[in-house]
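My numbering numbers the first residue of the sequence shown as 1 and each following residue consecutively.
Written below as structure tokens is the structure these notes are about.
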Amino acid sequence: MEIPMKTVLQLLAASALSAGMVIGGVVIASAALSPEEETHQFTGLDIRDLWTAKPVRIDRAAQNLERLPPRYASHVVMSEPAPKVQETAANSAQEDLGSRIAQIDLASTGAVYAESSEASLDTLSPQHIGWCSQRYRSYDSLDNTYRTFNGELRDCVSPYEIEAPAEYGEGDAEVMTVSSESSSSDGYSLQDDHVVSCMERYRSYRASDNTYQPYGGGPRQPCELASF
């Protein structure tokens, strides 16, 4: 038995129409039964902008700003000492400082410094001061010292001045000037040019015995410069 083609087409059309009606009904029902969503509202649209496009002058006197108290962490415990204890400690510190200042005799201190300065100037010859001033820019003639590049203060020793021996008592020190006519304890005479050359060559040079300290250590060696 043959099924006519017209009947098949009618069945397919009816199936498609019924499926479309079902899908349309589902869409309409979901749209009708779904809850209405509230529109999102942006806050702060009516507030003045923080940054302006053009510079604006602000009157500081018209600002009414208040400083908020600081916030500390939970583990921080703030304790204020008693005001009486603070006042007592401050008063005792001031009294101690005042007593120390009162014990200092400014007149005697200034006199001692002036005497020491005058004594140092009297014992230094003009040749020594001139030589040290030309050699060291930081030379101070008041205490006969100069400051090195690393900040250390050192005494200036020139070929014109030799320190007195340590066994001399206070007030017995004499200034010894090196010249071609004076002789050393070893029996040889030192020329001024020789002393100047040795002092320029060796920093540890000592004109009293014409020796210097080598870098490697050991005993002091005599300064012997070859002359051509």
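The beta carbon of each residue, even a glycine, is placed where N, CA and C say it ideally should be.
No experiment lies behind these values; they were computed from the predicted model shown.
Item	Value
So, at 7 Å on beta carbons, what are the nonlocal neighbours of Y202 in its own chain, with the 5 sequence-adjacent residues on each side left out?	Y212 and C223
Hey, could you find the ends of the beta strand (DSSP E) D155 is sitting in?	L153 to D155
Taking only three categories from DSSP, how would you classify P69?	coil
My output table needs one value for Q127: the three-state DSSP class, helix, strand or coil.	helix
Residues in the same chain with beta-carbon distance under 8 Å from M199, minus the five sequence neighbours each way, listed in chain order, please.	V157, S158, P159, Y205 and A207
Let's test the definition: count the other Cβ atoms within 10 Å of the Cβ of A14 and tell me whether it reaches 16, buried, or not, exposed.	exposed
How would you write the range of the beta strand (DSSP E) that R233 sits in, first residue to last?	There is no way to answer for residue 233, as the model of the chain reaches only from 1 to 228.
Excluding the 5 residues preceding and the 5 following Y139 in the sequence, name in chain order all residues of the same chain whose CB lies nearer than 7 Å to its CB.	C132, S133, Y146 and C156
Just curious, the alpha helix (DSSP H) that T7 is in, first and last residue?	M5 to L33
So what does DSSP say about D143, is it helix, strand or coil?	coil
By the three-class DSSP mapping on this structure, what secondary structure does R60 have?	helix
Following the continuous alpha helix (DSSP H) through S197, name the residue where it begins and the one where it ends.	D192 to R201
Around the Cβ of H128, are there at least 16 other Cβ atoms within 10 angstroms (buried) or fewer (exposed)?	buried
Does DSSP classify R206 as helix, strand or coil?	strand
Applying the 10 Å Cβ sphere with the 16-neighbour rule, what's the burial state of N210?	buried
Could you name the residues of the same chain whose beta carbon sits closer than 7 Å to that of S144, not counting the 5 residues immediately before and after it, in chain order?	The sequence given here has Asn at residue 144, not Ser. Cβ neighbours of N144 beyond the five flanking positions: S120, L124, D155 and C156.
Assign V27 to one of two classes, buried (16 or more other C-beta atoms within 10 Å of its C-beta) or exposed (fewer than that).	exposed
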